[in-house]
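Written out below as structure tokens is the structure these notes cover.
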Amino acid sequence: MGAANLRRNLTSLHAQVESLIWAMRCMIGQHKREVTFLTDCSDLVKMVSSPQEWPAFTTYLETIQSDKEEFDSFSLSFVSRTTNVKADKLARSVHTQPQLITYVNSNL
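Take a look at the structure:
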């Protein structure tokens, strides 16, 4: 879908969570009602599936839960980096940029 280099985070998992929230809000802004998100972070999938097991991320998970209610259909699935080479390349290129970058694929 796209990429953004968000602020520096405590951990890469924090960055993954913030990226999911950003992507969800992009889709809400585009009035998309049925969404599927793919991630190469298996912990993110586990976190969204079992939020009670991740108390350190409660605030983020409450935001995700609230945003999920905007969709008629929501899914988050794991996909390996080797399976999704284009997304991995895009993420790596955004990560190296010092300035704020936002990219959203207009071919949705």
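Under full-length UniProt numbering, the first residue of the sequence shown is numbered 1, with each subsequent residue one higher. We put the CB at the ideal spot given by N, CA and C, even for glycine.
- Inter-segment contact for the stretch 25-43 and the stretch 73-80 is present: three or more beta-carbon pairs are separated by less than 8 angstroms.
- For Val35, the enclosing beta strand (DSSP E) begins and ends at 34-39.
- When secondary structure is reduced to three states using DSSP, Ser73 falls in the strand class.
- At a Cβ-Cβ threshold of 8 angstroms, Leu44 and Val17 count as neighbours.
- Residue pairing from DSSP places Phe78 in a beta bridge opposite Thr39.
- Judged by beta-carbon spacing, Ile28 lies beyond the 8 angstroms limit of Ile64, meaning their Cβ atoms are not closer than that value.
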